[in-house]
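Asks:
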Amino acid sequence: MRSPSWSRPRPLLLLLLLLSPWPVWAQVSVTASPSGSPGAPDCPEVCTCVPGGLASCSALSLPAVPAGLSLRLRALLLDHNRVRALPPGAFAGAGGLQRLDLRENGLHSVHVRAFWGLGALQLLDLSANQLEALAPGTFAPLRALRNLSLAGNRLASLEPAALGALPLLRSLSLQDNELAALAPGLLGRLPALDALHLRGNPWGCGCALRPLCAWLRRHPLPASEAETLLCVWPGRLTLSPLTAFSDAAFSHCAQPLALRDLAVVYALGPASFLVSLAACLVLGSGLTACRARRRRRCRTATLRPPRPPDPNPDPDPHGSASPADPGSPAAAAQA
1380 MRSPSWSRPR PLLLLLLLLS PWPVWAQVSV TASPSGSPGA PDCPEVCTCV PGGLASCSAL
1440 SLPAVPAGLS LRLRALLLDH NRVRALPPGA FAGAGGLQRL DLRENGLHSV HVRAFWGLGA
1500 LQLLDLSANQ LEALAPGTFA PLRALRNLSL AGNRLASLEP AALGALPLLR SLSLQDNELA
1560 ALAPGLLGRL PALDALHLRG NPWGCGCALR PLCAWLRRHP LPASEAETLL CVWPGRLTLS
1620 PLTAFSDAAF SHCAQPLALR DLAVVYALGP ASFLVSLAAC LVLGSGLTAC RARRRRRCRT
1680 ATLRPPRPPD PNPDPDPHGS ASPADPGSPA AAAQA
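Under our numbering, think of the first position of the sequence shown as 1380, with each following residue one higher.
1) Quick check on Leu1547: does DSSP put it in helix, strand or coil?
2) Could you tell me if Trp1404 is buried or exposed, where buried requires 16 or more neighbouring beta carbons within 10 angstroms of its beta carbon?
3) What is the DSSP secondary structure of Asp1504, reduced to helix, strand or coil?
4) How do the segment 1558–1565 and the segment 1511–1531 stand: do at least 3 beta-carbon pairs fall below 8 Å, yes or no?
5) Quick one: what does DSSP say Cys1677 is sitting in, helix, strand or coil?
6) For Asp1555, count the other beta carbons within 10 Å of its own beta carbon; 16 or more makes it buried, fewer makes it exposed. Which is it?
7) How about Arg1478 and His1459: are their beta carbons less than 8 Å apart?
8) In chain order, what residues of the same chain have a beta carbon less than 7 Å from the beta carbon of Cys1544, not counting five sequence neighbours either side?
9) Sort out for me which residues DSSP pairs Ala1489 with in a bridge.
10) Would you mind working out which of Ala1469, Ala1535, Leu1537 sits nearest Trp1495, comparing C-alpha positions?
11) Out of Glu1606, Pro1546, Ala1574, Glu1424, point me to the one whose CA is closest to Ala1523's CA.
12) Which one of Arg1589, Ser1630, Ser1506, Gly1583 has the shortest CA to CA distance from Gly1614?
13) Quick one: Cα of His1598 to Cα of Ser1655, how far?
14) Going by Cα to Cα distance, which pick from Leu1441, Pro1430, Pro1445, Ala1668 is closest to Glu1716?
15) Short check: CB of Ala1471 to CB of Leu1450, under 8 Å?
16) Going along the chain, which residues of its own chain have a beta-carbon closer than 7 Å to the beta-carbon of Arg1589, five neighbours each way excluded?
17) Let me know if Ala1434 comes out buried or exposed under the rule of 16 or more other beta-carbons within 10 Å of its beta-carbon.
18) If I measure Cβ to Cβ from Ser1440 and keep anything under 7 Å in the same chain, skipping five residues before and after, which residues do I get?
19) Residues in the same chain with beta-carbon distance under 6 Å from Pro1708, minus the five sequence neighbours each way, listed in chain order, please.
20) If we ignore side chains and look at the alpha-carbon of each, how far apart do Ala1560 and Leu1575 end up?
21) Starting from the Cα of Arg1578, find the closest Cα among Trp1594, Leu1553, Gly1585 and give me that residue.
22) Check the DSSP bridge columns for Pro1620 and list the partner residues they point to.
23) Beta strand (DSSP E) containing Cys1428: first to last residue?
24) Kindly indicate the opening and closing residues of the beta strand (DSSP E) around Arg1478.
25) In the DSSP assignment, what are the bridge partners of Asn1526?
26) When you compare only the Cα positions, how much space is there between Ala1530 and Leu1558?
27) Mapping the DSSP letters down to three states, classify Ser1440 as helix, strand or coil.
28) Rounded C-beta distance between Leu1591 and Leu1621? I'm assuming under 8 Å.
29) Where does Leu1653 land, buried or exposed, given buried means 16+ other C-beta within 10 angstroms?
30) Once DSSP output is grouped into helix, strand and coil, what is the label at Ser1651?
31) Specify, as a first and last residue, the run of the beta strand (DSSP E) that Ala1574 falls within.
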C-alpha cells in the first residue's frame, strides 16, 4: 500500500499559484500602444495623434509622406518638413481626410495623381513652397475643396485646367507668386469663390487683366488689400491699382469669343475642312482623267501607219486643171 504522504503537497502548490502576484492566466501584453499615441493602429508611426482624427507630423524632417495613413484621419499636419515631391497616390488610404497642411516643405513637384482618393478634402495648404507649374487636372479630384492656398510659390501662370472645376471653393490664395495675369476662364470655373488673395504679384497692366478686373468689380476687396493690389504698365515705371480699371478701359481690347461662337467655330471648322478636301479630290481626279485621255489620243495618233498616196487622183470637179499643173492648157496659154 502506497504511503499518502507524497500527495499532501498538491493542495499547497495550488495555494501558492493562486497567491502568486503574476498568475499565468492574468498576463497581458505590455507592448501595445495606447490609443492616440505614436504607433496606434490609426496613426502613422512617426506622428503624434490625438482623439478626433488629428495626426501631427510637423517639423520632423520627413522626406516623404509617412506610410500607414488611415481612413479615420481627418487632419494631417505635414508642415515644416522636407517633402520635395508628391508621387501618385501619395495619400492612399486617407480617403476621409478633410484638412491637409504641406506648408514650407520645399515642394517643387506635384504629380497629377497625387491627390487621388481625397474626395472629402476641404482645406489644402501648399503655401511657402517652390512650385513653378501645376499639371492639368492636379486638383480635379478635390470636388469638396473649400480653401486652397498656393501663396509664396513661384507660379508664373495658372491655367484653368490645373484647378479644374471646383464648385465649392470659397477661398483661393495666390499672393507672393510671379503672376502677371490670370488665364481667361480660370475664375469662371469657381462659382462659389468669394475670397481671392492676390497681392505680391507683378501684375501687368493690359488686356490680359480684363477677366480679373471684371471679377474684382463683382467681389470688392477690403480696402487694406485693394490699396496694395497694383499693376505695372509695360515700358513704364508707373503703377495703377487694379480696382481702378472700369470695363470701358478695355474697350480697345478684342472681345473674347462667347461659348456659342466657339461652338459654331468648332462645328463649322471640321465640316468646311472636309468639304474643301472633297472638292480638291474631285478636281484632282478630273484633271488626272483629262491628262490620261489626252495621252491616249497622242499615243494612238503616233502608232497609226501613214496613208499611201492615191495613184488616180480625182479630176477637178469643175473640169479645169489645177493652175499648178504644168501640163494643163491654162498653163500653156499663160506661157
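Every residue, glycine too, gets a C-beta built ideally from N, C-alpha and C.
Replies: Looking at the coordinates:
1) coil
2) For Trp1404, the pLDDT reaches just 30, beneath the cut-off of 50, and the residue's location in the model is therefore unreliable, leaving the point undetermined.
3) strand
4) no
5) helix
6) buried
7) no
8) Note that residue 1544 is Ala in the sequence shown here, rather than Cys. Cβ neighbours of Ala1544 beyond the five flanking positions: Arg1568.
9) It should be pointed out that residue 1489 corresponds to Val in this sequence rather than to Ala. Answer by DSSP bridge pairing, in chain order: Leu1465.
10) Ala1469
11) Pro1546
12) Gly1583
13) 48 Å
14) Any property of residue 1716 remains undetermined from this structure, which presents the chain solely from 1380 to 1714.
15) no
16) Phe1629, Cys1632
17) buried
18) Asn1460, Arg1461
19) Residue placement at Pro1708 cannot be trusted, given a pLDDT of 48 that sits under 50; the coordinates are not used to answer.
20) 14 Å
21) Leu1553
22) Leu1609
23) 1427–1429
24) 1478–1480
25) Leu1502, Ser1550
26) 11 Å
27) coil
28) 7 Å
29) exposed
30) helix
31) 1574–1576
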